[in-house]
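Visitor:
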Ligand code: HEC
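In this note's numbering, the protein residues as written are 229 to 530.
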């Protein structure tokens, strides 16, 4: 015993010193962890207490049954064990009729000696059935007559409205998510273009070559395009891919922001004329706007 105590003490001390020396955050720093530990400890202890009580009860029952049996023997009677609490409960909730009283259930028809018992539905079933009818009555009053609670459809509508409001908030906080093929504008920002370039080298160059000269995929440096050469076209091609070709839809893999960056980078390759570039494919693309202008008048004339 002494040894055990010494071992436990040394264990505690080693834990304590370890806790002092370690600087990394452990799971025990979380206050919830302690809470769960205490709760599970209480749970396990209560479970053990309960099991012990049940066992004791069983022993007491057994002793009582034994005593009753001995008493009956002494009096010269036939010992008939009392049905257990659980058994009586079972009989009651199912409305079971004992075999001796079966005659009360026999229906008065008799087919060639075959008789039929008119067993009742179990009381729990009837309670559930009538309970449902009563519940349904109050439910109808509350939901359809007095409109005290929202119906499923209005609950759904309010949840959708809430989700939409939440989405608007997220979008407002994160402008990148608002980029789509209708709104995208080519970026000239150096860091965004650098980001686009690294995406291109990592993800696209295997098919379009590092310099964009084309390999499995077409040459991206010439003014000929199969799917349009405007930023919105390129954004769309990259986002949706070209079904039936090796050009997959990158929209599921990359954020709209990343696609805007790589599409803008692709546009900077125009006219770079790399050696051994692939032959032009598609049609000559003429940009609709040659000069970028902020004047609404000039824009409307285009
Ligand atoms: C597995 C090979 C492969 C990869 C990787 C790939 N592409 Fe493509 N890409 C293709 C092929 C093939 C086509 C031609 C589709 C067609 O025939 O219409 C294409 C077409 C395109 C086009 C349209 C060209 C045109 O003429 O209209 C653009 C723009 C493009 N890719 C950009 C990209 C970008 C940006 C990436 C990287 C995010 C990328 N691709 C990654 C194979 C690839």
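Beta carbons are placed, not taken as given, at the ideal position from N, Cα and C, and that holds for glycine. The model shown is predicted, which means the values in this text are computed figures rather than measured ones.
Helix, strand or coil for residue 342 per DSSP?
Guide: Within the chain shown, residue 342 is the residue found at index 114, counting from 1. DSSP places residue 342 in strand when its eight states are reduced to three.
Visitor: Considering only heavy atoms of the ligand HEC, does any lie closer than 8 Å to the CB of residue 372?
Guide: Here residue 372 refers to the residue found at position 144 of the chain shown. Residue 372 Cβ: outside cutoff for every heavy atom of the ligand HEC.
Visitor: Tell me, please, whether the stretch 429-436 touches the stretch 376-389 by the rule of three or more beta-carbon pairs shorter than 8 Å.
Guide: Too few Cβ pairs lie closer than 8 Å, so no.
Visitor: Excluding the 5 residues flanking residue 428 on each side, which residues of the same chain have their C-beta closer than 6 Å to its C-beta?
Guide: The sequence position of residue 428 within the chain shown is 200, counting from 1. 490, 493.
Visitor: What alpha helix (DSSP H) runs, 4 residues minimum, are completely inside the stretch 336-387?
Guide: The qualifying runs are 351-368.
Visitor: Can you tell me which of 309, 482, 264 puts its alpha carbon nearest to the alpha carbon of residue 289?
Guide: By 1-based counting over the chain shown, the position of residue 289 is 61. When only C-alpha atoms are compared, the closest one is 309.
Visitor: Are the beta-carbon atoms of residue 467 and residue 455 separated by less than 9 Å?
Guide: Locating residue 467 in the chain shown gives position 239, where the first residue counts as 1. Locating residue 455 in the chain shown gives position 227, where the first residue counts as 1. No, the Cβ-Cβ distance between residue 467 and residue 455 is not below 9 Å.
Visitor: Could you say if the stretch 495-509 and the stretch 445-455 meet the contact criterion of at least three C-beta pairs nearer than 8 Å?
Guide: Contact holds: three or more Cβ-Cβ distances are below 8 Å.
Visitor: Between which residues of its own chain and residue 507 is the CB-CB distance below 8 Å, once the five residues before and five after are set aside?
Guide: For the purposes of this step, residue 507 is taken as residue 279 along the chain shown, with counting starting at 1. Correct list, in chain order: 447.
Visitor: Is residue 368 buried or exposed, if buried means 16 or more other CB atoms sit within 10 Å of its CB?
Guide: Walking along the chain shown from the start, residue 368 turns up at place 140. It counts as exposed.
Visitor: Is residue 377 near the ligand ADP - that is, is its Cβ less than 8 Å away from at least one heavy atom of it?
Guide: This structure lacks the ligand ADP; the ligands present are the ligand HEC.
Visitor: Give the range of the alpha helix (DSSP H) segment to which residue 288 is assigned.
Guide: Taking the first residue of the chain shown as position 1, residue 288 is located at position 60. Where residue 288 is concerned, the enclosing alpha helix (DSSP H) stretches over 259-303.
Visitor: Taking 8 Å as the cut-off, does the CB of residue 510 come closer than this to any heavy atom belonging to the ligand HEC?
Guide: In the chain shown, residue 510 corresponds to position 282, counting from 1. Checking every heavy atom of the ligand HEC against the Cβ of residue 510, one is found closer than 8 Å.
Visitor: If you compare alpha carbons, which of 412, 471, 398, 504 is closest to residue 442?
Guide: On the chain shown, position 214 is the one that residue 442 refers to. Nearest option by C-alpha distance: 504.
Visitor: Whole angstroms are fine: how far does the CA of residue 416 sit from the CA of residue 422?
Guide: Sequence index remark: in the chain shown, residue 422 carries index 194 (1-based). Sequence index remark: in the chain shown, residue 416 carries index 188 (1-based). Their Cα atoms are separated by approximately 10 Å.
Visitor: Counting only beta-carbon atoms, is residue 471 nearer than 9 Å to chain D?
Guide: This model lacks chain D altogether, as it is built from one protein chain only.
Visitor: If you follow the alpha helix (DSSP H) that residue 466 is in, where does it begin and where does it stop?
Guide: Looking up residue 466 in the chain shown gives position 238. Run containing residue 466: 459-468, per the alpha helix (DSSP H) assignment.
Visitor: Quick one: does the C-beta of residue 478 sit closer than 8 Å to a heavy atom of the ligand HEC?
Guide: Within the chain shown, the letter at position 250 stands for residue 478. Yes - the ligand HEC has a heavy atom lying nearer than 8 Å to the Cβ of residue 478.
Visitor: Enumerate in chain order the residues of its own chain whose CB-to-CB distance from residue 347 is below 7 Å, with the five nearest sequence positions on each side excluded.
Guide: Position 119 of the chain shown, counting from 1, holds the residue named residue 347. The residues are 333.
Visitor: Alpha carbon to alpha carbon, what distance is there between residue 276 and residue 314?
Guide: Taking the first residue of the chain shown as 1, we reach residue 314 at position 86. Taking the first residue of the chain shown as 1, we reach residue 276 at position 48. Answer to the nearest angstrom: the Cα atoms are 22 Å apart.
Visitor: Please report the distance separating the alpha-carbon of residue 480 from that of residue 256.
Guide: For this step, residue 480 is matched to residue 252 along the chain shown. For this step, residue 256 is matched to residue 28 along the chain shown. Rounded to whole angstroms, residue 480 to residue 256 spans 39 Å at the Cα level.
Visitor: Are the CB atoms of residue 472 and residue 183 within a distance shorter than 9 Å?
Guide: Here the chain covers residues 229 to 530 and nothing more, so residue 183 does not appear.
Visitor: Closest to residue 487 by C-alpha separation, out of 462, 511, 501, would be which residue?
Guide: Translated into positions along the chain shown, residue 487 becomes position 259. Nearest C-alpha to residue 487: 462.
Visitor: What residue from 475, 476, 453 has the CA that sits closest to residue 513's CA?
Guide: Taking the chain shown and counting its residues from 1, one reaches residue 513 at position 285. Taking only the C-alpha atoms, the option nearest residue 513 is 453.
Visitor: Just verifying my parser: in three-state terms, what is the DSSP assignment at residue 452?
Guide: Locating residue 452 in the chain shown gives position 224, where the first residue counts as 1. Strand.
Visitor: Whose CA, out of 383, 399, 374, lies closest to the CA of residue 485?
Guide: Counted from its first residue, the chain shown places residue 485 at position 257. The candidate whose alpha carbon is nearest that of residue 485 is 399.
Visitor: Out of curiosity, what's the CA-to-CA distance linking residue 266 and residue 280?
Guide: Locating residue 266 in the chain shown gives position 38, counting from the first residue. Locating residue 280 in the chain shown gives position 52, counting from the first residue. If I take the Cα positions, the gap works out to 21 Å.
Visitor: What is the DSSP secondary structure of residue 250, counted as helix, strand or coil?
Guide: The count along the chain shown starts at 1 and reaches residue 250 at position 22. Bear in mind that the predicted position of residue 250 carries a pLDDT of just 47, short of 50, making it too unreliable to give a figure here.
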